[in-house]
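Peer 1:
In our numbering, the protein residues as written are 24 to 313.
In C-alpha cells form, the structure reads like this:
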C-alpha cells in the first residue's frame, strides 16, 4: 500500500490529479474546539508512517546490533529517529501546503523521459522492498502456525488486499487498525524487555553518542563492525517511501487552503501527530535493540 500509492504519480503525465483520488479531503476536521479535539482528528497519518519504521529491516538491524554490541548503538537509533522526524515534517508540510505529494512534485520538475526513468526505477525498488515484507510476513506465519510457505505468502498478500479494501469504508478505519497494531507491538516488546531485566543506567548511557560506534573493527564472535551496524540502523530507519506516503496521506484531511490561519494550524497539528507517532516508533526500535 505504502509504495504503490507513492510510486504511481511519478510516471504519470497529469500531475494535477489529486493524490489518493477519492480519499483526498474525505475526512472532516473540527474548525473549533480544544487543541486535543483537533489533534485527535488529525491523528492517523503519523501512524501509517510510523509503522514503516518498524519493518523487517529495523527488526534485523536493531536485534543484531543489540545482540552484538549491547546498548552502545542506542545513540544511532536516537539520531536516526530525530532525522526521520525532521524529514517527515517537511514531507507532510509539502502535501498540506502545496497539495502535492512528493512524487507529484518530483514529476512536475522532470521532463517526460525523466519521469519514465524515475517510474521504472521506483517500480524496481518496490519489488525489491516488497520481497522482504512479503517473505518476512510469510516466515512469521510459517513459524507461528506451521503453514507451508506458499500458503503463508498467499495469506500475506491477501491481508494487503483486504486492508486496501477497507479504504472504501473510510480512511480512518485503516488508521485505527494500524494504531492498534503499533500499541500492541509496544506492549509486547515492553513486556519482553521487563522480563530481560535490563541495566537501566547502561540503557540511558547508550543514548549518548560515542566514538566507538564508528569503529570498523569486527570483534570475535560478531558478524559485523559497529560502524556497519550503525549504517544499517540509519538505512533501515530513514526510508524514502515513508516521505512519499506522508506527503500523500496528510491530504486526506479536509481543510480550507485559502484560510492561511487554518492552514498554519493544520500544519502544526500534522507535526504533532507525526512527532508523537514517530516517538512511539523510536521507543519500539529501542526496545528491539534492548
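Even for Gly, the Cβ is constructed at its ideal location relative to N, Cα and C. Only a predicted model underlies this, so the values are computations on that prediction, with no experimental measurement involved.
Mind listing, in chain order, the continuous alpha helix (DSSP H) runs of no fewer than 4 residues lying wholly within the region 119–148?
Peer 2: 125–131
Peer 1: Report yes if the C-beta distance between residue 53 and residue 297 is below 9 Å; otherwise report no.
Peer 2: no
Peer 1: When the Cβ atoms of the region 244–257 are set against those of the region 111–125, are three or more pairs found closer than 8 Å?
Peer 2: no
Peer 1: Counting only the same chain and skipping the five closest in sequence on each side, list residues whose C-beta sits under 8 Å from that of residue 232.
Peer 2: 98 and 102
Peer 1: For residue 51, which three-state DSSP category applies?
Peer 2: strand
Peer 1: Please report the residue range of the alpha helix (DSSP H) in which residue 233 lies.
Peer 2: Note, residue 233: premise wrong, no alpha helix (DSSP H); not H, not E.
Peer 1: Would you give the residue range spanned by the alpha helix (DSSP H) that residue 182 belongs to?
Peer 2: 172–188
Peer 1: Looking only at its own chain, which residues have a Cβ that is under 6 Å from the Cβ of residue 124, when we skip the five neighbours before and after it?
Peer 2: Within the same chain, residue 124 has close Cβ partners 42, 118, 270 and 271.
Peer 1: Is the CB-CB distance between residue 104 and residue 301 below 9 Å?
Peer 2: yes
Peer 1: What does DSSP give as the partner residue(s) for residue 277 in the beta ladder?
Peer 2: 51
Peer 1: Classify residue 292 as helix, strand or coil using the three-state DSSP reduction.
Peer 2: helix
Peer 1: Just verifying my parser: in three-state terms, what is the DSSP assignment at residue 261?
Peer 2: coil
Peer 1: For the alpha helix (DSSP H) that residue 81 lies in, which residues bound it at each end?
Peer 2: 79–92
Peer 1: Start and end of the alpha helix (DSSP H) containing residue 219?
Peer 2: Residues 194–219.
Peer 1: Under the rule that 16 or more other beta-carbon atoms within 10 Å means buried, what is residue 14, buried or exposed?
Peer 2: It is not possible to answer for residue 14, since the shown part of the chain is limited to 24 through 313.
Peer 1: The alpha helix (DSSP H) spanning residue 63 covers which residue range?
Peer 2: Residue 63 -> alpha helix (DSSP H) spans 58–65.
Peer 1: For residue 62 and residue 244, I'd like the C-alpha separation in whole angstroms.
Peer 2: 48 Å
Peer 1: Within this structure, are the beta carbons of residue 64 and residue 202 separated by less than 9 Å?
Peer 2: Residue 64 is not a Cβ neighbour of residue 202, given a cutoff of 9 Å.
Peer 1: Under 9 Å, do residue 306 and residue 223 count as touching if we go by C-beta distance?
Peer 2: Result no, Cβ atoms of residue 306 and residue 223 do not sit closer than 9 Å.
Peer 1: For residue 245, name the three-state secondary structure that DSSP assigns.
Peer 2: coil
Peer 1: Identify whether residue 240 lies in helix, strand or coil by the three-state DSSP scheme.
Peer 2: coil
Peer 1: Using a Cβ-Cβ distance cut-off of 9 Å, determine whether residue 94 contacts chain D.
Peer 2: Note that chain D does not occur in the displayed structure, where there is just one protein chain.
Peer 1: Leaving aside the five residues before and after residue 199 along the sequence, list all residues of the same chain whose C-beta is less than 8 Å from its C-beta, in chain order.
Peer 2: Taking residue 199 as the centre and dropping the five residues before and after it, the same chain places the C-beta of 67 closer than 8 Å to its C-beta, in chain order.
Peer 1: In terms of residue numbering, what span does the alpha helix (DSSP H) encompassing residue 71 cover?
Peer 2: 68–73
Peer 1: Between residue 206 and residue 263, what straight-line distance do the alpha-carbon atoms span, to the nearest angstrom?
Peer 2: Going from the Cα of residue 206 to the Cα of residue 263 covers about 24 Å.
Peer 1: Give every residue of the same chain whose Cβ lies closer than 6 Å to the Cβ of residue 85, excluding the five residues on either side of it in the sequence, and list them in chain order.
Peer 2: 308, 311 and 312
Peer 1: Evaluate residue 289 with the Cβ neighbour count: other Cβ atoms within 10 Å of its Cβ, from every protein chain shown; 16 or more gives buried, anything less gives exposed.
Peer 2: buried
Peer 1: Near residue 279, which residues of its chain fall below 6 Å by C-beta distance, leaving aside the five closest residues on each side in sequence?
Peer 2: 285
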